[in-house]
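Asker: Next up is a structure, given as structure tokens.
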Amino acid sequence: MKIIVAITGASGVIYGKRLLEVLLDKSIDTYLIVSEEAKEIIENELSLKKEDIERLANHVYQINDLSSPLSSGSFITDGMVIVPCSAKTLAGIANGYSENLILRAAEVMIKQGRKLILVPRETPVSAIQLENMLKLSRIGVVILPAMPAFYHHPKKIDDLVDFIVGKILDSLNIEHNLFKRWSGRY
């Protein structure tokens with residue numbers, strides 16, 4: 008299985024890091040792109056360097072490398088996850104503005120009919136952002152906001168992160184046990 012993971016400049020880079028850790032543990036081939044804006048957020052929120060995150064991926068591409076295989080529909084992947092997905096990236100995808108590799112790879116997923124999952128983290132959201140999400144949802148893009156549930160009785164932040172990462176894995180049809188599933192009344 009081949010999954011593209013993109014980390015953009017929104018708070019919540021911990022979700023991208025954890026997704027990469029789980030995919031690595033499952034021996035799933037990952038192709039990582041980190042935006043310029045995400046570098047600072049990685050340092051600020053995780054006290055890590057971009058290179059620390061890159062070590063979790065099998066393949067790493069630079070944001071401006073539009074000659075990479077990820078730019079072509081002939082490069083077969085099983086899906087792409089943008090986690091977190093900034094409002095800027097969301098707008099670029101929704102409006103076909105493929106100025107960098109993240110946006111181009113997302114465009115390829117859409118045009119090829121492949122799985123594209125966006126994990127917006129910003130709150131509150133504007134009407135413009137909601138319209139962009141709706142526009143993309145209508146064409147089959149999965150909009151998976153970083154909104155953890157509490158029915159599984161999370162005890163720490165890692166439990167909340169694992170819930171969202173588990174939902175991403177569910178959308179990719181990848182088995183996991185990152186959270187306790189709802190089974191009816193407790």
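When we follow the working numbering, the leftmost residue of the sequence shown carries the number 8, and every step to the right adds one.
From the three backbone atoms N, C-alpha and C, an ideal C-beta is built for every residue, glycine too.
Within a Cβ cutoff of 7 Å, which residues of the same chain sit near Ser75, ignoring the five residues on either side of it in sequence?
Answerer: Tyr68, Leu108
Asker: Who does His66 pair with in a DSSP beta bridge?
Answerer: Tyr38
Asker: Among Ser78, Ile70, Asp72, Val41, whose alpha-carbon lies nearest the alpha-carbon of Lys57?
Answerer: Val41
Asker: Taking three-plus beta-carbon pairs below 8 Å as touching, is the segment 10 to 29 in contact with the segment 80 to 89?
Answerer: Pairwise C-beta distances place the segment 10 to 29 in contact with the segment 80 to 89, as three or more of them are shorter than 8 Å.
Asker: Compute the Euclidean distance between the alpha carbons of Ala45 and Gly16, then round it to the nearest angstrom.
Answerer: If I take the Cα positions, the gap works out to 4 Å.
Asker: How long is the line joining the alpha carbons of Ser34 and Ile124, rounded to whole angstroms?
Answerer: 20 Å
Asker: Starting from Lys9, trace the alpha helix (DSSP H) both ways and give me its first and last residue.
Answerer: Unbroken run through Lys9 is the beta strand (DSSP E), 9 to 14; no alpha helix (DSSP H).
Asker: Could you compute how far the alpha carbon of Asn71 sits from the alpha carbon of Leu77?
Answerer: 12 Å
Asker: When DSSP labels each residue in this structure, what does Pro127 get in the three-state scheme?
Answerer: strand
Asker: If you count every other CB in all the chains shown that lies within 10 Å of the CB of Leu201, and 16 or more means buried, which is it?
Answerer: No answer is possible for residue 201: the residues shown for the chain start at 8 and end at 193.
Asker: Looking only at its chain, what residues have a beta carbon closer than 6 Å to the beta carbon of Val149, apart from the 5 residues adjacent to it on each side?
Answerer: Ile124, Ser178
Asker: In angstroms, rounded to a whole number, what distance separates the CA positions of Phe170 and Gly103?
Answerer: 31 Å
Asker: Would you report the Cα separation of Ile100 and Asp165, rounded to the nearest angstrom?
Answerer: Asp165 has its alpha-carbon roughly 29 Å from the corresponding atom of Ile100.
Asker: Residue range of the beta strand (DSSP E) that Met154 falls in?
Answerer: That residue, Met154, is in no beta strand (DSSP E); it is neither H nor E in DSSP.
Asker: Pick from Leu176, Ser93, His159, Asn180: whose alpha carbon is nearest that of Asn139?
Answerer: Ser93
Asker: Could you check which residue in Ala112, Gly147, Gly80, Ile135 has the C-alpha nearest to that of Ile119?
Answerer: Rather than Ile, the amino acid found at residue 119 in this sequence is Gln. Considering only alpha carbons, the answer is Gly80.
Asker: Mapping DSSP to helix, strand and coil, what is Val198?
Answerer: The structure shown does not extend to residue 198, since the chain is modelled only from 8 to 193, so the question has no answer here.
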